[in-house]
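Step one of this worksheet: look at the structure below.
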Amino acid sequence: MSEAVSGHPRFTPQLVGHEAAERGFLEAWNGGRLAHAWMITGPRGLGKATLAYRIARFVLATTEDAARAATEGAGLFGGPPLFDPATPPASLDISAEHPAARRIAAGSHPDLLVLERGLDDRGRPRTEITVGEARELRPFLGQTSAAGGWRVVIIDAADEMNRNAANSVLKLLEEPPAQALILMVAHAPGRLLPTIRSRARRLALAPLDDARMERFLTARLPELAPSRRAVARVMAEGAPGRALTLAQGQGPELLAALIACLDTGRPVPDWKALIALGEAVGRPDALEAYETLVEAWGWWMARWLRAHARMGGIGQEVIPGEARLAARLAGARPLEQWVELWDRLSARLRQALSANLDRKQVLITVVAEFAAASG
């Protein structure tokens, strides 16, 4: 699936919700009090990277338009300037046809650097951002802006930096170059060095309410059956990006297949169904399906463990058979043992991605061990 089709944030001009966060940035911009580093926080799928790219488009488009107005006395295509200095901008919206927006979408804007996990020597995605990648920031920020204004860095995600990379970024935050803007996406800011957190202004994004999520999914996936849309909404827990990933990646269906494998009433899985599921997500072209299944299972475990901690049932069923399975698991062992087991098993599921292991075999082994623990 191409980045454009999958909705990469650099192709996504609009952000659902989070008006308060955008307003906080605009107030700092319009008031001339712009911090050099911003940390955009919240769970995965809320739109943190989308907001970072919206800010980058706004800053770079504004810079280019101001430079053009200063030299030509006019705005884009000979018209009035995009932003009247006497009228502070009230929105981060930038036309997708603006030259800055088009270069950002193409990944070719000279004043924007995106720091994210790269590939290792074998072409596999790294599990962290390395110090070699982080060291690209200093020479980039030391150059003169192509438009004579701001240079922008997006770190997606800052909590994926290893310690050496984090220390390299910290040195830049301690002595930031002039007109340098660093936007850090953070899913789990607590993993970052306290000194990094203290040097960045925070924009915290909160989950969307059910009404907004429903409107978002109806607009983005109008062909999706209402029942499937409702399940994706519940599983996403207010994160629109996560809802899209789950709905488009068959997350509810994959989770239902997994629940069926485990809902045997015995400490063994339905082997035939499990092998079929392993084959479905273990094919070379099924990497996204495996990732979606792992995410969906993680969501279900968090949902069930919260219910188990309250010593109550799982509530209204979202996935067929989950209430019966949850009750059996709750009676099998104490909460702390399930937490410990899931920490270990989920790490093995993720390792199949980072170490390029046989996904089918890893899934079958993990599900079998999980089922055995229910006896």
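Position one of the sequence shown corresponds to residue 4 (my numbering), numbered consecutively onward.
Glycine included, each C-beta is placed from N, C-alpha and C at the ideal position.
Computed from a predicted structure; not experimentally measured.
For Gly254, count neighbouring C-beta atoms within 10 Å of its own C-beta (all shown protein chains included) and say buried if the count is 16 or more, exposed if not. For the purposes of this step, residue 254 is taken as the residue at position 251 of the sequence shown. The residue in question, Gly254, is buried, as its Cβ has 16 or more Cβ neighbours within 10 Å.
Where Thr65 falls: helix, strand or coil (DSSP): By 1-based counting over the sequence shown, the position of residue 65 is 62. DSSP, read as helix, strand or coil, puts Thr65 in helix.
Count the CB pairs spanning the region 185-202 and the region 29-37 that are closer than 8 Å, and state whether there are at least three. They do not touch, by the three-pair rule.
Enumerated in chain order, which unbroken segments of the alpha helix (DSSP H) with a length of 4 residues or greater are wholly contained in the region 249-292? List check, alpha helix (DSSP H) in window: 254-265, 274-285.
Cα-Cα separation between Phe80 and Ala31, rounded to whole angstroms: Locating residue 80 in the sequence shown gives position 77, where the first residue counts as 1. Locating residue 31 in the sequence shown gives position 28, where the first residue counts as 1. In this predicted model, Phe80 has a pLDDT of only 47, less than 50, meaning its place in the structure is not dependable; the value taken from the coordinates is given anyway. Taking the straight line from one Cα to the other gives about 29 Å.
Looking only at its own chain, which residues have a Cβ that is under 8 Å from the Cβ of Asp114, when we skip the five neighbours before and after it? Position 111 of the sequence shown, counted from the start, is the residue given in the question as residue 114. By the criterion of a C-beta distance shorter than 8 Å, Asp114 is surrounded in its chain by Leu63, Thr66, Ser148, Ala149, Ala150, Gly152, Trp153, Arg154, Val155, once the five residues flanking it on both sides are discounted.
Whose C-beta lies closer than 7 Å to the C-beta of Arg327 among residues of the same chain, with five residues either side of it excluded? Within the sequence shown, numbered from 1, the residue matching residue 327 stands at position 324. These residues qualify, in order along the chain: Asp266.
Taking 7 Å as the cut-off, decide whether the C-beta atoms of Val19 and Phe219 are in contact. Position 16 of the sequence shown holds residue 19. Position 216 of the sequence shown holds residue 219. Yes.
Pick from Arg138, Arg26, Ser94, Ala235: whose alpha carbon is nearest that of Trp303? Residue 303 sits at position 300 when you count from the first residue of the sequence shown. Closest by alpha carbon: Ala235.
Just verifying my parser: in three-state terms, what is the DSSP assignment at Pro142? Numbered from 1 along the sequence shown, position 139 holds the residue referred to as residue 142. If DSSP states are grouped into helix, strand and coil, Pro142 belongs with the helices.
With DSSP collapsed to three states, give me the class of Asp96. Your numbering for residue 96 matches position 93 in the sequence shown. Reduced to three states, the DSSP call for Asp96 is coil.
Around the Cβ of Gly50, are there at least 16 other Cβ atoms within 10 angstroms (buried) or fewer (exposed)? Residue numbering aside, residue 50 sits at position 47 when the sequence shown is read from its first letter. Gly50 comes out buried.
Best match in Ile58, Gly45, Ala374, Pro46 for proximity to Gln17 [C-alpha to C-alpha]: One-based indexing of the sequence shown puts residue 17 at position 14. Among Ile58, Gly45, Ala374, Pro46, the Cα nearest to that of Gln17 belongs to Ile58.
Which residue or residues does DSSP assign as beta-bridge partners of Ile132? Counting from one through the sequence shown, the residue named residue 132 turns up at place 129. Beta-bridge pairing links Ile132 to Met164.
Which whole-angstrom value is the C-beta distance of Leu118 and Ile132, which I expect to be below 8 Å? The residue you call residue 118 lines up with position 115 of the sequence shown. The residue you call residue 132 lines up with position 129 of the sequence shown. Rounded to the nearest angstrom, the Cβ distance from Leu118 to Ile132 is 6 Å, consistent with a contact under 8 Å.
For the pair the region 257-276 and the region 212-228, tell me if three or more CB-CB distances fall below 8 Å. The region 257-276 makes no contact with the region 212-228; the number of CB pairs closer than 8 Å stays below 3.
Just verifying my parser: in three-state terms, what is the DSSP assignment at Ile58? For the purposes of this step, residue 58 is taken as the residue at position 55 of the sequence shown. Here Ile58 sits in helix by DSSP.
Would you report the Cα separation of Val309 and Gln319, rounded to the nearest angstrom? As a working note, residue 309 is residue 306 in the sequence shown. As a working note, residue 319 is residue 316 in the sequence shown. It is worth fixing the name first, because residue 309 is Arg in this sequence and not Val. Between the alpha carbons of Arg309 and Gln319 lies a gap of roughly 14 Å.
Under a Cβ-count criterion, where at least 16 other Cβ atoms within 10 Å of its own Cβ denotes burial, should Ala335 be classed as buried or exposed? The residue given as residue 335 occupies position 332 in the sequence shown. Ala335 should be labelled exposed.
Nearest-angstrom Cα separation, counted from Gly301 out to Glu372: Taking the first residue of the sequence shown as position 1, residue 372 is located at position 369. Taking the first residue of the sequence shown as position 1, residue 301 is located at position 298. Going from the Cα of Glu372 to the Cα of Gly301 covers about 16 Å.
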